[in-house]
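The numbering of the sequence shown is this note's numbering, which starts it at -3 and goes up by one.
These notes are about the structure you will find just below.
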Amino acid sequence: MKPFVQIATRPEDDVALTERAAVLDFTGLAEDELLWARLDRDPFPELGAEEISGIILCGSPFTVSDAVRTKSAAQLRAETEIFRVLDQVIADDIPFLGACYGIGTLGTHQGALIDKVHGEPLGAVEVTLTEAGQQDPLIREAGLPETFTGLVGHKEAVNTLPAHATVLASGRTSPVQMFRVGARQYATQFHPELDIPSIIERARAYRDHGYFSPDEMEDVFAALRGENADHPPRLLRAFATLFAR
């Protein structure tokens, strides 16, 4: 099998390693079947479309809609690389699944308006598939029900999409929870790479990053522990299954 590539942009090694382990677990891929590209520090490897099965881009402390003057050197370097990769993804029709930061980067690349109007605090939200979502091959492979619980925590979200993008899932607080461009390029607002224990662990690492009030942290965690968010990670296994070659 040709490997998949996981793009990471988290500067914190411990958080990046935890995210790496989660993606391996949820996709079912072995270490040598999932290359790891840490774009906050290194360029994307020189790989042709014929050499890989697909690309997975996970979350990030970076916010694509922030003013350029406020972005760190690591973020600017990562975004330059991601947009270069997305040029190749679209040109060569490479399967792509972007979660969290992926919806901001793929959306921006494709002409969506990404801003903070529909940002969501840390928590669990109801996600509903659109009619197009119910017919989508990736979602059908994942066996997602029409309505399920997604885990969120984002400063930004899609405000408007270009006409060529297809909304696959929506929510009350963030109208675009998942979209597709082309036939095989996907992005989600909710986190398919996190379950309840891992989003709590992630939130502890980012408690001072503005996703929630630190004073309310334990109350937020208590509410999360009462939720069931087992459906979204199925997207990762489905992506690996559907596009492996």
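All C-beta atoms in this analysis are idealised placements derived from N, C-alpha and C, irrespective of residue type, glycine included.
Computed from a prediction, not measured in an experiment: that's the story for all the values here.
| Query | Result |
| --- | --- |
| Between GLU27 and LEU20, which are expected to be in contact by the criterion C-beta below 8 Å, what is the C-beta distance as a whole number of angstroms? | 7 Å |
| Quick one: give me the first and last residue of the beta strand (DSSP E) that GLY50 is part of. | 50 to 53 |
| Among LEU109, THR14, ILE52 and LEU190, which one has its Cα closest to the Cα of GLY119? | LEU190 |
| In three-state terms, what does DSSP make of HIS160? | coil |
| Pick out the complete beta strand (DSSP E) segments inside the segment 168 to 206, 3 residues or longer, and give them in chain order. | 174 to 177 and 181 to 184 |
| By the DSSP assignment, the beta strand (DSSP E) with GLN2 in it spans what residues? | 0 to 4 |
| Around the C-beta of THR66, are 16 or more other C-beta atoms found within 10 angstroms, so that it is buried, or is it exposed? | exposed |
| Please state if the CB of VAL11 and the CB of ALA33 are separated by a distance shorter than 8 Å. | no |
| If we count the other Cβ atoms within 10 Å of its Cβ and call it buried at 16 or more, is PRO91 buried or exposed? | buried |
| Any chance you could list the beta strand (DSSP E) runs of at least 3 consecutive residues sitting entirely within the segment 101 to 137, in chain order? | 109 to 111 and 116 to 125 |
| So for LEU43, helix, strand or coil by DSSP? | coil |
| With a threshold of 16 other CB atoms inside 10 Å of the CB of GLU15, please say whether the residue is buried or exposed. | buried |
| Mind checking which residues open and close the alpha helix (DSSP H) that includes LEU82? | 69 to 88 |
| Anyone know if the C-beta pair for GLY98 and HIS187 falls short of 8 Å? | no |
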